[in-house]
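K.L.:
Numbering (my numbering), first residue to last: 1 to 88. Cβ atoms here follow ideal geometry from the backbone N, Cα and C, with glycine treated the same way. Please read all numbers here as calculations on a predicted model, not as lab measurements. Submitted below is the structure of interest, expressed as structure tokens.
Below, the structure written as structure tokens:
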């Protein structure tokens, strides 16, 4: 994962945590409503082209770290949590 992908992933984690704390369901992030690109720009400290941001999102989706999908007016990004069987 490169720096941009890590910044996006961490921002999505923060948004999901904020939504969970506010008892909002579903907890996934909406790209436009939650201003994900702008929040990532603030995290990184520089402006991003939308194409650069979206390409990094798509790579995270292809790697199975997040799930992208469409809503009626927006697009969502959700963290993929994987369960591991414990031997403890």
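1. For the stretch 7-40, list the alpha helix (DSSP H) runs that are entirely contained and at least 4 residues long, ordered along the chain.
2. I need the DSSP call for residue 73, collapsed to helix, strand or coil.
3. For residue 60, does the count of other Cβ atoms within 10 angstroms reach 16, so buried, or fall short, so exposed?
4. Can you tell me the Cβ-Cβ gap for residue 40 and residue 48, rounded? I've got them flagged as a contact below 8 Å.
5. With H, G and I counted as helix, E and B as strand and the rest as coil, what does DSSP make of residue 68?
6. Across which residues does DSSP place residue 78 in a beta bridge pair?
P.N.:
Looking at the atomic coordinates:
1. none
2. Mapped onto the chain shown, residue 73 falls at position 73. It is coil, neither helix nor strand.
3. For the purposes of this step, residue 60 is identified with residue 60 of the chain shown, where counting begins at 1. It is buried - the Cβ of residue 60 has at least 16 other Cβ atoms within 10 Å.
4. Counting from one through the chain shown, the residue named residue 40 turns up at place 40. Counting from one through the chain shown, the residue named residue 48 turns up at place 48. With a Cβ gap of about 7 Å, residue 40 and residue 48 count as contacting.
5. The residue labelled residue 68 in the question sits at position 68 within the chain shown. If DSSP states are grouped into helix, strand and coil, residue 68 belongs with the strands.
6. On the chain shown, residue 78 is found 78 positions in, with the first residue counted as 1. Partner(s): 67.
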